[in-house]
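Quick notes on the structure that follows.
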Ligand SMILES: [Zn+2]
């Protein structure tokens, strides 16, 4: 189930490019193009559900399962001291893309926590996505 005018559905159908780190029949994970920290990953169901009020329980668990693996992979590759897992539901809760997604954000003791978006170069994104994808494939069950 694909929704028109949805950037994440366009990534799933390869109409939009993304640095994909993981994909199976139901779930996809890719680098956030405007990361809060370098290594910020998004995990989504491939089918279009607007938010937690729409997603079915099975898909919800599948996405969170992959978010756990992504957390480990991001921590291993970036050397992060911690991980934030964030998930916004509804425009007033700061949901910007109306396709259910889970943020996996590396955090470092040496840096203040902010939610400001950074820009990352294509070299940085390629390096991060390649490394995190490799970690994902090493730990996935
Ligand atoms: Zn969508």
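In the numbering used here, the protein residues as written are 53 to 193. In this text, a Cβ means the ideal position worked out from N, Cα and C, and glycines have one as well. Being a predicted model, the structure only gives us computed values, none of them experimental.
Do residue i and residue j have their C-beta atoms within less than 7 Å of each other?
i	j	result
residue 196	residue 94	Outside the shown range of the chain (53 to 193) lies residue 196, about which nothing can therefore be said.
residue 53	residue 100	yes
residue 74	residue 188	yes
residue 192	residue 129	no
residue 63	residue 149	no
residue 80	residue 98	yes
residue 170	residue 69	no
residue 126	residue 165	no
Does DSSP put residue i in a helix, a strand or coil?
i	result
residue 94	strand
residue 60	helix
residue 80	strand
residue 154	strand
residue 74	strand
residue 128	helix
residue 159	strand
Alpha carbon to alpha carbon, how far is residue i from residue j?
i	j	result
residue 136	residue 103	19 Å
residue 124	residue 56	33 Å
residue 174	residue 159	21 Å
residue 152	residue 113	13 Å
residue 190	residue 78	20 Å
residue 146	residue 186	31 Å
residue 139	residue 116	11 Å
residue 65	residue 107	19 Å
residue 85	residue 142	21 Å
Can you find the residues in the same chain that come closer than 7 Å, C-beta to C-beta, to residue i, ignoring five residues on each side of it along the sequence?
i	result
residue 119	95, 137, 154, 156
residue 167	88
Just to confirm my understanding: we take residue i, look at its own chain, exclude 5 residues before and 5 after, and list those with CB closer than 8 Å. What are they?
i	result
residue 180	71, 83, 90, 91, 129, 130, 172
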